[in-house]
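S.K.:
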Ligand SMILES: Nc1ncnc2c1ncn2[C@@H]1O[C@H](COP(=O)(O)OP(=O)(O)OP(=O)(O)O)[C@@H](O)[C@H]1O
Ligand SMILES: Nc1ncnc2c1ncn2[C@@H]1O[C@H](COP(=O)(O)OP(=O)(O)OP(=O)(O)O)[C@@H](O)[C@H]1O
Ligand SMILES: [Mg+2]
Ligand SMILES: [Mg+2]
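Residue numbers (the working numbering), protein chains in the order written: chain V, 43 to 542; chain D, 234 to 516; chain Y, 885 to 1198; chain U, 885 to 1198.
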């Protein structure tokens, strides 16, 4: 085998009450791309945080170029040539793109003044390479999540590191950006740099990785060259059993129109009209920034509307807040779980019950703790949430499990109309399947589901009908039978359909 | 030095304005002083501008500067502190505005008159009364005002000077910040610590009245002497609950201040030092 | 059993601080650990405790309330004025509580609907209400008088029941109710959730504006209650009453381990925090420490207590 | 051009508030808008401004510094004591500044390394330092005396250069330096970054502990500078000097549009905020508003100003 630049040996990490890593090994080879795979909560991010000095390991060894090293903080890791793109965004929203990219490494003149022109020129260079078209002076807070993710990548690139860890970098990206990223990754590889690549999208792994390392339950399972394994094999190693078909789409009897939107218009979306029937899944596709999230949040009452009507079960409803949306049977699972999907500081039980405490409490608003706990336990079981108990803080769950908590919370309200915004972002294959099964279950029960997703295979696999948005408008609507990747992309970039 | 501007021309309307910079209005004593001054000004037909320094010499300085800008005819200052007021007085001096100090003096700057009753003498008066009532020996508690204020210093000094000669012992000396609520809780605590107390001297009536509540609740009989003779305290003395309070006649200080300011305006000569009698209010 | 105790002590370091502190003071001064002094401490603590309970609600949502001292003063002035005019004590108390609650609701309103930061909003209200109290009282204390109503009223602060001062009962009831609300009711849960993540709470369909208005109303109401107790004890209301009390209340809350960022902590901690401050004040008086050194020591104790209580680093 | 102006005004509503306020006062009172009164206001504002600049640094990181008033007092006491003992004024000033910086660094240390919340840490230090100041001064004012050193020293506060009081120059220099540091140096950017997202700042390899220590040191240093100016103006140091100044400084920062949550705002806003407070104090005095109503109006103006300045809702 080729030289390993980094060897992690017997790494163990204990959090209070959780043994996240149990003697894990990882090899990173020079000029190679190592995939790090595992279910949600397997310990991938934890292992990488140890490598980059965010966490201290409990025991174990890190060997860099044949020499054991201690990495105490991010700066030391950077100095050793190790950079990381974190799974969750870590940007300063009040600073510009350029400032974020060079944060901590700004060029200064001899008076200590930052050389702005130099900084922005250098930033522009990296941004061009990644195909980010915004001005480097733009504040990061004004960017969509996807663009922010690209800035995060630019920042890691600017470090010129020998080893770059990418923890689910494509979670928020569309295909176009993913392509630019892969191009850059291949260039980096050609330059002899090493990359650790974490993703739940197995297709990507086969596109760019050279080797795979698989973790399960905080334990090292196996390392293979990519050519020695196939997708099924990897899934089996990850979840410890075989999985059936990926997208278990089912056909249901379509019922009445549950939701009808007419001419909905505000600062973000223009003249949106559509309807959805009971037992139907409508996929909502579009490029990053096309306004899908805004549309969902407008329906959900987060943003006000300037014009238009929302009709639930034939009755026009006035929705000014999420509370009113929920009371009208509409629920929303956010794409930004850290920001507004879950309450990280509360425990699982408290999160799951948050939207329905009204139903779980009696006189004077006294909460029926027994009922609450049972509801939470049901969800944990139904969703296979990996946790030490109902009282674990959501903060300490892995990303994917947080997503399941977010979904559980919405489902608790017993919605008739469920809007899912990137429901499987950051969710492992096994859990994805579980989530699809759950979605289907509710579809069968007669729910209307709007599913926003940037993964076109998922959209194609799950939806009965696909709506595509472009610049705040619906640019087209395709029946499932006529849908394919190319047609969706054409609509997404704003090309009107010629046929039909 | 300051750029000398032309001397303010006396304008008809403003010539009647008198400024009063008062150390604080958070204390009934100074409120009475202000009331006295206001009543007198009304009687004599002058407008009185009252500015509150909130016990802060820097604010006091600003207040004097603002009065200078306003071009008042005379400034009455009740200083927050005798040292710190000096530059404020000088600021008025620079613009040839006469200054009269009330209650506390100024250690520098030109002052046409000082009207006050002496805090040290008042403390002494209280001390002597306690000696007399206790027959020259006993245990007393001293409740101090806000640490670092001149009233607390002077009254404490006078009191302690007086009892030095006797066999009276100060068994506890604690601050209650001139505040009635604190007077209550501090006295409660001292009552827990000291089995035997014969008298309490408080640097103002507010603390004395608070201490009185604590003593009443404890069921003990302890003589309480306060300072300032506020309405509430005088009532308590009349009711036989409080033994005595030192009256400084703040209203009189205020009204004398305005009276003399008017004399200055009219060009009459006035005394440089105008004492206001202290009185011991007892039943 | 032993393990549970150990866990309790690790989680509640401020409790340990309090106990150790009490032991030291008991050794130094034998009068400290007597029934009468303990009742004394509890009664003195009741004022700060009642305010600190309201402050706990506010701080748990991530807010702060600087106006409690001023609200205390105006409520005290109103109740004293009403009682002195011969009104029924009960009606006067209700009126004062209503004023406190209304001012608190006003705080909550400008913070939630007006979107002003709590620190500056309540700073403004603190200044405004203090000014109004001075106007209302003309800067002079208001005596409750010596009518029958007045003596009924003064019982609230000075009375006893079964040998224990009434303010102690009030404090215990307030603590108990607050504990129950925060632990076991919907509202309590929303308070924590709001403090942890406001946006997620809104997305969960909860009207966070209402929660904000509620916590400031509770804070105002309890500040008024504290004002009534003080006024009743002294049979007189001071225009400057309550100045600086917000700092003592905040200190009690934080010493009790509640985070100023909101979302974590609770009433039990506040009980301990208020007691630490109460014991500190009492013991410094008992030991006749000079007032300059009292300040020095108070600052030191605050720092040491929070240093000991701080969250362990990862 | 016009558009740029419009944008500026929308972004800087506090500036508009200040201008409108000044116009109203000028109409009501013709003595307001005179050279001598404007110099007067600026000089009065200098103390609060200097403190508020330090506070801006602290608040931008998401912290708060309640100890500035106490640091002001001890620095003033030290400089007065040294000058009165015949030391060179320059050396005395340096010593006082060093003490302020050291106390600020201590704040920063216990906040960063000790992981104590800034509010409670600086509350502890505020109490402790006030106590120590009382011990140091024995509760009495310290006069700078009338030596040559003393008169040289008093120039800092009372002197003029080209007809303009020296404290105004000091204020302008402090503003300018702070503006430059925040806008154009790494340190400045890290201050914003830390206030906006501490974790992300740490992940970027920045030593946030050092930034925290630095901002509190700056705050302490500037509080000491303010203490020196006051002491020089009064030729005497008061043990109770600076009490409550933290609130005025915080008010200036927030009125200037800086968020107490950290990460957004800046020095220009603080200039405006300090001026609003300065003009308010001066104009209420000029217009003969009685002191009780002054408090009332001050509270009202704070509320109205922040209501106007608040961020627009989406
Ligand atoms: N700060 C923490 N405190 C306690 N437990 C933690 C903490 N961080 C992670 N864990 C636990 O460690 C385990 C591994 O988590 P980690 O985030 O590394 O998973 P992951 O493999 O990255 O999963 P995902 O694919 O969902 O991102 C999980 O069980 C998680 O609950
Ligand atoms: N805070 C903001 N300030 C200004 N513009 C914004 C802001 N947030 C979003 N936008 C803009 O609003 C539009 C919609 O963005 P949004 O990211 O919600 O779309 P989306 O279709 O959900 O894409 P994504 O795949 O990123 O979720 C974009 O043009 C985006 O740039
Ligand atoms: Mg992860
Ligand atoms: Mg989106």
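Ideal placement from N, C-alpha and C gives every residue a C-beta, glycine not left out.
1) Output yes if chain D places a C-beta closer than 7 Å to the C-beta of residue 915/U; else output no.
2) In chain Y, what lies closer than 9 Å to residue 383/V by C-beta?
3) Just how far apart, CA to CA, sit residue 302/V and residue 508/V?
4) Between residue 414/D and chain Y, is any beta-carbon pair separated by less than 7 Å?
5) Give a yes or no on whether the C-beta atoms belonging to residue 311/D and residue 336/D are separated by under 7 Å.
6) Out of 1115/U, 1074/U, 1112/U, which has the shortest C-alpha to C-alpha gap to residue 1096/U?
7) With three or more beta-carbon pairs closer than 8 Å as the criterion, would you say the region 1032-1043 of chain Y touches the region 962-971 of chain Y?
8) Skipping 5 residues on each side, what residues in its chain have a beta carbon closer than 6 Å to that of residue 961/U?
9) Please state whether the Cβ-Cβ distance between residue 441/V and residue 424/V is less than 7 Å.
10) Taking the alpha-carbon of residue 349/V as reference, which of 330/V, 53/V, 494/V, 310/V has the nearest alpha-carbon?
11) Chain Y beta carbons: is any one of them nearer than 7 Å to that of residue 433/D?
12) So with CB distances below 7 Å, who are the chain D contacts of residue 1024/Y?
13) I need the DSSP call for residue 928/Y, collapsed to helix, strand or coil.
14) Ligand 3 and residue 129/V: does the residue's C-beta get closer than 6 Å to at least one heavy atom of that ligand?
15) Could you check the C-alpha separation between residue 521/V and residue 291/V for me, to the nearest Å?
16) Ligand 5 and residue 474/V: does any heavy atom of the ligand fall closer than 6 Å to the residue's C-beta?
17) Which same chain residues, not among the five before or five after residue 928/U, have their C-beta less than 8 Å away from its C-beta?
18) Does residue 464/V come out as helix, strand or coil in the three-state DSSP assignment?
19) So, is residue 339/D buried or exposed, given that buried needs 16 or more other C-beta atoms within 10 angstroms?
20) Which runs of the beta strand (DSSP E) spanning at least 3 residues fall entirely within the region 294-380 of chain D, listed in chain order?
21) How big is the Cα-Cα spacing for residue 1004/U and residue 239/V?
22) Count the other CB atoms, across all protein chains shown, that sit within 10 Å of the CB of residue 1152/U; report buried if there are 16 or more and exposed otherwise.
23) Give a yes or no on whether the minimum CB-CB distance between residue 290/D and chain U is below 7 Å.
24) Is residue 378/D close to chain U, meaning its C-beta is less than 7 Å from at least one C-beta of that chain?
25) Given this structure, state the Cα-to-Cα distance separating residue 142/V from residue 417/V, to the nearest angstrom.
26) Between which two residues does the alpha helix (DSSP H) containing residue 512/V stretch?
27) Does residue 290/V come out as helix, strand or coil in the three-state DSSP assignment?
28) If we define contact as Cβ-Cβ less than 7 Å, is residue 896/Y a contact residue for chain V?
29) Counting only C-beta atoms, is residue 1143/U closer than 7 Å to chain V at any point?
30) Using only the alpha-carbon positions, how far apart do residue 1174/U and residue 1013/Y sit?
31) Excluding the 5 residues preceding and the 5 following residue 1103/U in the sequence, name in chain order all residues of the same chain whose CB lies nearer than 7 Å to its CB.
32) Quick one: which residues of the region 1160-1184 of chain U get their C-beta closer than 9 Å to a C-beta of chain Y? List them in chain order.
33) Closer than 7 Å, CB to CB, is residue 954/Y near chain D or not?
34) Quick one: any contact between the region 1086-1094 of chain U and the region 112-129 of chain V, if contact means 3 or more CB pairs under 8 Å?
35) Buried or exposed: residue 389/D, going by 16 or more other Cβ atoms within 10 Å of its Cβ?
36) Go to residue 209/V, then tell me how far its alpha helix (DSSP H) extends in each direction, as first and last residue.
M.R.: According to the structure data:
1) Yes, residue 915/U counts as interfacial toward chain D.
2) 1084, 1087
3) 16 Å
4) True, the Cβ-Cβ gap to chain Y drops below 7 Å.
5) yes
6) Just measuring C-alpha positions, the residue of 1115/U, 1074/U, 1112/U sitting nearest residue 1096/U is 1074/U.
7) yes
8) 1017, 1020, 1021, 1026, 1121
9) no
10) Nearest option by C-alpha distance: 310/V.
11) no
12) 261, 264
13) helix
14) yes
15) 14 Å
16) With respect to ligand 5, the structure offers nothing, as its ligand set consists of ligand 1, ligand 2, ligand 3 and ligand 4.
17) 1162, 1165, 1166
18) For residue 464/V, the three-state secondary structure derived from DSSP is coil.
19) Residue 339/D should be labelled buried.
20) 307-310, 332-335, 346-349, 370-377
21) 44 Å
22) buried
23) yes
24) No, residue 378/D lies away from the interface with chain U (no Cβ there is under 7 Å from its Cβ).
25) Between the alpha carbons of residue 142/V and residue 417/V lies a distance of about 43 Å.
26) Looking at the DSSP string, residue 512/V is not in any alpha helix (DSSP H); the run it does join, the beta strand (DSSP E), is 507-512.
27) coil
28) no
29) no
30) 15 Å
31) Excluding residues within five positions, the ones whose Cβ falls inside 7 Å are 938, 939, 941, 942, 949, 952, 988.
32) 1174, 1175, 1176, 1177, 1178, 1179, 1180, 1181, 1182, 1183, 1184
33) no
34) yes
35) buried
36) Premise fails: residue 209/V lies in the beta strand (DSSP E), 205-209, not in any alpha helix (DSSP H).
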